[in-house]
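2 protein chains.
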Amino acid sequence: MVQHEVLDRAFAALADPTRRAVLVRLGEGPASLGDLAAPTGMTLTGMGKHVRVLEEAGLVRTTKVGRTRQVRLGTERLDDAMAWIAFYQRLWERRLDGLEAYLTLREGQDT
Amino acid sequence: MVQHEVLDRAFAALADPTRRAVLVRLGEGPASLGDLAAPTGMTLTGMGKHVRVLEEAGLVRTTKVGRTRQVRLGTERLDDAMAWIAFYQRLWERRLDGLEAYLTLREGQDT
DNA sequence: CATGTGCTGAACCACATGGTTCAGCACGAG
DNA sequence: CTCGTGCTGAACCATGTGGTTCAGCACATG
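Quick mapping for you: the protein sequence lines, in order, are chains F and S.
Just so it is clear: in the first sequence, position 106 is 105 by numbering that gives the first Met the number 0, and no numbers are missing.
Just so it is clear: in the second sequence, position 6 is 5 by numbering that gives the first Met the number 0, and no numbers are missing.
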């Protein structure tokens with residue numbers, strides 16, 4: 000099941016609203032760094048850092064086109080992240096079915 | 000679609016291998032802080048911080064039982080996190096079907 | 001009641017993150 | 001060739017993170 004570092008980077012990358020916004024934006028098609036920075040009011044350098052984080056997490060791929068850098072989606076890692084959640088979630092679901100029932104029962108009874 | 004802060008916390012919480020391990024461990028049933036700290040070789044205080052992060056992210060619920068703190072799963076937020084990924088992933092999939100085809104085509108042709 | 005154990009809070013540390021400014025490189029257009 | 005634009009790198013800053021130690025509170029047990 001997937002290396003830890005991979006998940007670390009992927010989840011960390013997703014933990015920032017600016018970066019999630021970039022991903023959403025990229026869903027509409029590739030964009031240059033400037034395109035991505037403009038709507039946020041952030042500096043190019045700032046956006047550059049975010050994009051690098053996304054790239055190192057494998058959520059995005061970039062290529063230099065002339066003097067602009069094109070950024071586009073690369074969803075493989077997103078699959079990894081979701082796979083992790085999905086796997087354990089399913090595993091837990093069964094547990095919780097029984098557990099929740101047990102707890103609701105207990106909560107009714109004082110201590 | 001889910002508040003940003005909620006996702007921030009959930010993803011950030013998942014971005015640490017220690018915390019993911021805690022979640023996995025809790026899948027086997029509730030545990031005390033000490034139970035969780037022991038196998039990691041971490042101090043109680045350290046583990047306490049991790050658990051607090053998980054709790055603030057809504058991934059875990061804790062209750063004080065006597066002088067020990069019982070930690071157990073609370074998967075609602077995990078649903079949120081997965082929902083976000085799943086939503087956009089599906090949205091992107093279509094895009095990428097076309098896009099990837101286009102790109103593979105281009106890659107074959109020199110520049 | 002006395003004591004040991006489990007947790008909590010405060011203070012501290014090193015390092016990562018999210019952002020800036022400023023200087024400069026490199027490419028495309030005139 | 002020259003110039004403006006888009007990006008990049010370095011330096012810097014404030015704040016957050018992941019961990020520690022140490023002091024102390026609170027509960028269960030003898």
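Note that CB positions come from ideal geometry on N, CA and C, so glycine has one too.
{"Asked": "Rounded to whole angstroms, how far is the Cβ of residue 52 (chain S) from the Cβ of residue 12 (chain S), which I believe are closer than 8 Å?", "Found": "5 Å"}
{"Asked": "According to the neighbour-count rule (16 or more other Cβ atoms, all chains shown, within 10 Å of its Cβ), is residue 10 (chain F) buried or exposed?", "Found": "buried"}
{"Asked": "Quick one: is residue 43 (chain F) buried, meaning 16 or more other Cβ sit within 10 Å of its Cβ, or exposed?", "Found": "exposed"}
{"Asked": "Examine chain S for any beta-carbon lying closer than 9 Å to the beta-carbon of residue 23 (chain F), and answer yes or no.", "Found": "yes"}
{"Asked": "If you follow the beta strand (DSSP E) that residue 60 (chain F) is in, where does it begin and where does it stop?", "Found": "59-64"}
{"Asked": "Please tell me whether residue 85 (chain F) has its Cβ less than 9 Å away from any Cβ of chain S.", "Found": "yes"}
{"Asked": "Taking DSSP as the reference, what is the three-state secondary structure of residue 69 (chain S)?", "Found": "strand"}
{"Asked": "Kindly identify the DSSP beta-bridge partner or partners of residue 30 (chain F).", "Found": "F:70"}
{"Asked": "Between residue 66 (chain F) and the rest of its own chain, which residues show a CB-CB distance below 6 Å, the 5 nearest in sequence each way excluded?", "Found": "none"}
{"Asked": "Using 10 angstroms around the beta-carbon of residue 49 (chain S), count the other beta-carbons present and answer buried if the total reaches 16, otherwise exposed.", "Found": "buried"}
{"Asked": "Can you name the residues of chain F whose CB is closer than 7 Å to the CB of residue 3 (chain S)?", "Found": "16"}
{"Asked": "List the residues of chain S whose Cβ lies closer than 9 Å to the Cβ of residue 88 (chain F), in chain order.", "Found": "74, 77, 78, 81"}
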